[in-house]
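For the protein sequence lines, the chains are A and B, in the order given.
The first sequence begins at 390 in the working numbering and counts up by one.
The second sequence begins at 390 in the working numbering and counts up by one.
Below you'll find the structure, written out as structure tokens, and then a few comments.
Protein chains: 2
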Amino acid sequence: MSTAGDEFALIAQHFAPLAVAPGARGLLDDAALIDAGALVVTTDAIVEGVHFLPDDPIDTVAQKALRVNLSDLAAKGAAPLHYLLVLHWPHTRPAAQIADFAAGLARDQAAFGCTLLGGDTVATPGPLAVTITAFGRPLGPRTPARADAMDGDDVWLTGTVGDGMLGLAVRQGVAGDLSPAHAAALAAHYRTPAPRTAFAAAIARHAHAAMDVSDGLLGDAAKIAAASQVHLVLDPAALPLSDAAAAWFAAQADRAAAMDRLANGGDDYEIVFTAPPAARAALLAAAADIGLRLTRIGHVATGAGVTAGGLAVWGHAHRIGR
Amino acid sequence: MSTAGDEFALIAQHFAPLAVAPGARGLLDDAALIDAGALVVTTDAIVEGVHFLPDDPIDTVAQKALRVNLSDLAAKGAAPLHYLLVLHWPHTRPAAQIADFAAGLARDQAAFGCTLLGGDTVATPGPLAVTITAFGRPLGPRTPARADAMDGDDVWLTGTVGDGMLGLAVRQGVAGDLSPAHAAALAAHYRTPAPRTAFAAAIARHAHAAMDVSDGLLGDAAKIAAASQVHLVLDPAALPLSDAAAAWFAAQADRAAAMDRLANGGDDYEIVFTAPPAARAALLAAAADIGLRLTRIGHVATGAGVTAGGLAVWGHAHRIGR
């Protein structure tokens, strides 16, 4: 459990043998299918001091917990339906904060069209932890897996890269000089990432392989490469940066190291996916319809792994304390 | 969050308004329904130092986490299908224990006929916490709710009462003089309760209201009474005790206080349910078929609340440290 690499090995060794249902996809995917109506199910937990900071506003903690799961659904081409909430609430945190926590969920339920289905609450001597299990309706006959990339596909990315990592750096006071507006935008991306729910239908229709970027773009792209047994060739010059990230990048002395950080930073919650070149026009039109930035960042070739010019592939998320 | 009563009030106030799907049952039930194929879904978390002891064998921790959820499914008349696992693993606990943890799950998957579907793992600075979300297949056209008790129903209980509470007392060294066999049986009940999966079909066929007993028989019976707007009249002399619990009870000076503890102790994981008197013979035959003790412990009347002779109704679980 000490590093992400160990964690994956432990899952493969100990838990994958238990996941014998076809819909579990050998625990190699971000969501599971249940054959009762092809419901898409995903679960992700966030823990105080690991995925969010103790002084993050409590409503944004609730929103982040929900949104990281909605991000998984969107990357699987599914529309949110319902979610379960398991809340481990510290003895030491005022119960009065629960109202703000619920208010954050209420806003996001309305924004993303899903409703709470049930859950469990536990008073804990440990840190605040929020586990969400989300259920989605597939928007097409296919639910894109990590394993579905094909030689010759384009590689696409929604939104931008590195804002989550920079938002954490802002919150930790180590981002350097940034305008107040840029700092606020980055911190907001870290606290309340934007799940690409509105793009899920296009993913369902056009994507071959797809997953959400939570542990860094390059490391997550490497997971697609491994599952699909292909080589993802990314163009580092094509990686899209937000205005705030571009301003940060321009101020860095070591540009190569800076781009490594952006391309491997956690908490992006964008979608990286592959699709056939024939889908280019349709994908760009679908993104334009909803005002979503969509960038072709590379292509799929025969071989293995991910390359992006000279960028390093870290393979794990940048998180608090790492 | 400081007491179970506060928790229920907080849920009713803050989270029930979010649970607008009919299948969420206003967060007043133990499982949720999804209309995609009428899958039964439940989630429960167990936390080190709250629901189990730090030195409990790790395989039994895994089994308990799964079984408390399978108990919910059985009480809803559903057969286990799949489950999701979210594991908050302390930095300080050896990763080598994961193998034993998984072995416990593997045994129970085989015993209860379900498979792992997915999940999430997080290294945490806090206590070990295991969250399971379980999915079940309804075994009949109805999924018994807490709210379905009817005036004139019998009230039934599977198994016995108080063994979980006594098992914790054994583990904490405060159970008094017990034979080694009795002490071992009680500790085993606390660590690895027996979900009544084999009785789920009878529940689906005959029960009106049903729920599993996790927070104490009388408090849980009171939840059925409140949801169904009826009065549950229980006969304290009818409450079934295991041989071990009977031996403990016989040694207590204050019998009334002792019976209060048994009837309000947590971690029973039996099923309390109501059914029409016409179903008596069929229920007893179904229980006899699988060697399950089944006891008629009272009846449903008009009115409100639960009464059991002079027994107190605590309304919350006996847990570690309470």
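We put the CB at the ideal spot given by N, CA and C, even for glycine.
Remember, it's a predicted structure, so these values are computed and weren't measured experimentally.
By the beta-carbon neighbour count (other beta carbons within 10 angstroms, threshold 16), Met539 of chain B is exposed.
Within the region 528–542 of chain A, no residue places its CB atom closer than 7 Å to a CB of chain B. Close partners of Thr432 of chain B in chain A (Cβ separation under 7 Å): Leu473, Val475, Gly507, Gly508, Asp509 and Thr522. Distance from His620 of chain B to Gly502 of chain B at the Cβ level is roughly 38 Å; contact not present, criterion being Cβ atoms closer than 8 Å. Every alpha helix (DSSP H) of 4 residues or more that sits fully in the region 621–677 of chain A is shown, in chain order, as 632–639 and 644–653.
When secondary structure is reduced to three states using DSSP, Gly502 of chain A falls in the coil class, being assigned neither helix nor strand. At a cut-off of 7 Å between C-beta atoms, Pro516 of chain B counts as an interface residue with respect to chain A. Under the Cβ criterion of 7 Å, Val436 of chain B is counted among the residues facing chain A.
Closest option to Arg456 of chain B, judged by alpha-carbon separation, among B:Ala639, B:Asp609, B:Ala627 and B:Ser603: B:Ser603. Around the CB of Ala633 of chain A, 16 or more other CB atoms lie within 10 Å, so the residue is classed as buried. Residue-level contact by beta carbon fails for Thr581 of chain B and chain A, as no gap is shorter than 7 Å. In this structure, Asp461 of chain B keeps its C-beta atom at 7 Å or more from the C-beta atom of Arg685 of chain B. Below the 8 Å Cβ cutoff, chain B contributes no neighbours of Thr586 of chain A, its closest Cβ being approximately 18 Å away. In summary, no residue of the region 445–466 of chain B has a CB separated from any CB of chain A by less than 7 Å.
Using a CB distance cut-off of 7 Å, Thr481 of chain A does not count as an interface residue toward chain B.
Rounded to whole angstroms, the gap between the alpha carbons of Glu437 of chain B and Val519 of chain B is 9 Å. Our two residues, Ala676 of chain A and Val430 of chain A, have alpha carbons roughly 25 Å apart in a direct line. Straight through space, the alpha carbons of Arg496 of chain A and Ala570 of chain A are spaced by roughly 23 Å.
Contact check for His578 of chain B against Gly562 of chain B fails: the beta carbons are separated by 7 Å or more. Chain-ordered, the chain B residues with CB closer than 9 Å to the CB of Val439 of chain A read Val511, Ala512, Thr513 and Pro514.
In this structure, Ala598 of chain A lies away from Asp657 of chain A, with their beta-carbon atoms at least 7 Å apart.
The closest CA to that of Gly466 of chain A, considering only A:Thr449, A:Ala642, A:Arg650 and A:Ala427, is found on A:Ala427.
If you ignore the 5 residues before and after Ala590 of chain A, its C-beta comes within less than 6 Å of the C-beta of Leu528, all in its own chain and listed in chain order. Using a C-beta cut-off of 8 Å, the region 508–519 of chain A makes contact with the region 471–486 of chain A, since at least three inter-stretch Cβ pairs fall below that distance. Our two residues, Leu459 of chain B and Pro666 of chain B, have alpha carbons roughly 27 Å apart in a direct line.
Judged by their CB atoms, Pro469 of chain A and Gly548 of chain A are not nearer to each other than the 7 Å cut-off.
Just so you know, the alpha carbons of Ala627 of chain B and Ala499 of chain A end up roughly 50 Å apart. Cβ atoms of Gly515 of chain B and Gly515 of chain A come within 8 Å of each other, at about 2 Å.
One alpha carbon belongs to Pro584 of chain A, the other to Ala593 of chain A, and they sit about 15 Å apart. The closest CA to that of Gly605 of chain B, considering only B:Ala454, B:Thr691 and B:Leu546, is found on B:Leu546. Under a 10 Å Cβ-count criterion, Pro533 of chain A is classified as buried, with 16 or more other Cβ atoms of the shown protein chains found around its own Cβ. A direct Cα-to-Cα measurement between Asp448 of chain B and Ala573 of chain B gives close to 17 Å. Looking only at A:Arg650, A:Pro530, A:Ala642 and A:Pro629, the smallest Cα-Cα distance to Leu681 of chain A is reached by A:Pro629. Bounds of any alpha helix (DSSP H) do not take in Thr520 of chain B; it lies within the beta strand (DSSP E) bounded by Ala518 to Pro527.
Close CB contacts of Trp703 of chain B within its chain, under the 8 Å cut and outside five residues either way in sequence, are with Gly605, Leu607, Gly608, Asp649 and Asn653 (chain order).
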